[in-house]
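I have placed the structure first, in the form of structure tokens, so that the comments after it can refer back to it.
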Amino acid sequence: MKRTFAISILCGFAFGIAAAAHPARPLYEPPDPPKAAPPFTMAGTYWFGKCYADNFWMIFEEQGTINWGYGQLDVKKAGSTGTWKLEGNHLYFEFNKKTLEFRGTTDGQVIEGSTFNNSGSNYKTYLRHTARPKQP
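Numbering (our numbering), first residue to last: 1392 to 1527.
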């Protein structure tokens, strides 16, 4: 009888522990990382602001070239073309076979940096991405 009583106590104790046990937590699976934004491209964009002159405008062409000028947009009277290169948010462009060069950054809405020429002049440059005006 003692043995039966001891076995029933042990079984009751084991059943009580099993009944009171908490279920295992589900395996933690972190959420998917956010998708990266598509890379920004300068190709086909129009910018307006100050380079070495006020009211300066630039059009970054898809072939890696630039049309530029100041005053009212007139591609037919644009300055000679230059070239541009964007790596991450670092932007480089040049005009007239590196007579004038720019190094700076862009966030897709603003270009900021320094423009310098081969005679030693240095200009703060600030251009804003804007809608391209219609040609007159």
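The beta-carbon is built from N, C-alpha and C at its ideal position, and this holds for glycine as well.
Rounded to whole angstroms, the separation of the alpha carbons of Lys1525 and Glu1485 is 25 Å. In this structure the region 1510-1521 lies against the region 1438-1454, because at least three pairs of beta carbons, one per stretch, are closer than 8 Å. Remark: C-beta atoms of Met1433 and Leu1491 do not approach each other more closely than 8 Å. The three-state secondary structure of Thr1490, taken from DSSP, is coil. The Cβ atoms of Trp1475 and Gly1460 do not sit closer than 8 Å to each other.
Residue pairing by DSSP places Met1449 opposite Trp1438, Trp1459 in a beta bridge.
According to DSSP, residue pairing for Phe1484 in a beta bridge involves Trp1475, Phe1493. If you look at Leu1518, you'll find it in the beta strand (DSSP E) that goes 1513-1521.
Residue environment analysis places Thr1497 among the buried positions, since at least 16 neighbouring C-beta atoms fall within 10 angstroms of its C-beta. Boundaries of the beta strand (DSSP E) around Gly1504: 1501-1508. Rounded to the nearest whole angstrom, the CA to CA distance from Glu1420 to Ile1450 is 47 Å.
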